[in-house]
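Using my numbering, you'd call the opening residue of the sequence shown number 2 and step up by one each time.
The beta-carbon is built from N, C-alpha and C at its ideal position, and this holds for glycine as well.
Computed from a predicted model, the values in this text were never measured in an experiment.
Everything on this sheet refers to the single structure shown next.
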Amino acid sequence: EIDGVSVGAGLAGGLVAGGVGGYLMGKSKVDAVEAKYEKYWPRKIMILFGPAGAGKGTQGERIIKELGIPQLSTGDMLREAVSQGTEVGKKAKAVMESGGLVGDDILIAMIAERVQNEDCKHGFILDGMPRTLVQAKAVDELLAKTGECVSLVMAFDVPYE
């Protein structure tokens, strides 16, 4: 005689085992794809240049949606570092409170700290940095420490009308 409870328990056990096996196989495939991505496709590091109102923000949002990488605005990063009380934030706050401009050394340290976050794992967009040749060289030196470089610069040139 067939015991319905035993059959049901066996069926449920098989489904659970199959589900776990399927999950683990899928996870290993995802891990393999991720490892390949990290090896052959380095972080996408982009810079957006252009005057206010040229469309950097609009295009940045589209890139964020397409690539899933964050847009790093130095102004926003400064405000966040100050509000969080990080070491860089404390230095920036002291300079700003004295009426000075935040120096390149503080900005570069802030970027170096920020790009280590998990959301920058596959890349990031710099917005508002670099603004000078000194800053551009500093960004290049920062990235060179990890064997990286800027992969794309988008310059927004709009007519003044």
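Bridge partner(s) assigned by DSSP for residue i
{"i": "VAL151", "result": "The partner list for VAL151 (beta bridge, DSSP) is empty, contrary to what the question assumes."}
{"i": "LYS45", "result": "GLY124"}
{"i": "ALA156", "result": "PHE50"}
Selected residue, minimal CA-CA separation from residue i, among the options
{"i": "THR87", "options": "GLY56, GLU67, VAL151 and ILE112", "result": "ILE112"}
{"i": "LEU134", "options": "PRO160, ASP105, TYR161 and ILE126", "result": "ASP105"}
{"i": "THR163", "options": "ASP128, MET78, PRO160 and LYS122", "result": "With the chain covering only 2 through 162, there is no way to say anything about residue 163."}
{"i": "ILE65", "options": "ILE126, LEU79 and ARG44", "result": "ILE126"}
{"i": "LEU144", "options": "MET78, GLY76 and GLN117", "result": "GLN117"}
{"i": "ALA110", "options": "GLY124, GLY101 and MET130", "result": "MET130"}
{"i": "GLY69", "options": "GLY51, LEU79, VAL89 and MET47", "result": "MET47"}
With 16 other Cβ atoms within 10 Å as the buried cut-off, status of residue i
{"i": "GLY58", "result": "exposed"}
{"i": "PRO160", "result": "exposed"}
Residue interval of the alpha helix (DSSP H) (run including residue i)
{"i": "LEU144", "result": "134-145"}
Bounding residues of the beta strand (DSSP E) (the contiguous stretch that carries residue i)
{"i": "ASP128", "result": "124-128"}
Short CB-CB distance (under 8 Å) between residue i and chain D
{"i": "SER99", "result": "No chain D is part of this structure, which consists of one protein chain only."}
3 or more residues per run - each beta strand (DSSP E) lying fully within the segment 48-78: 72-74
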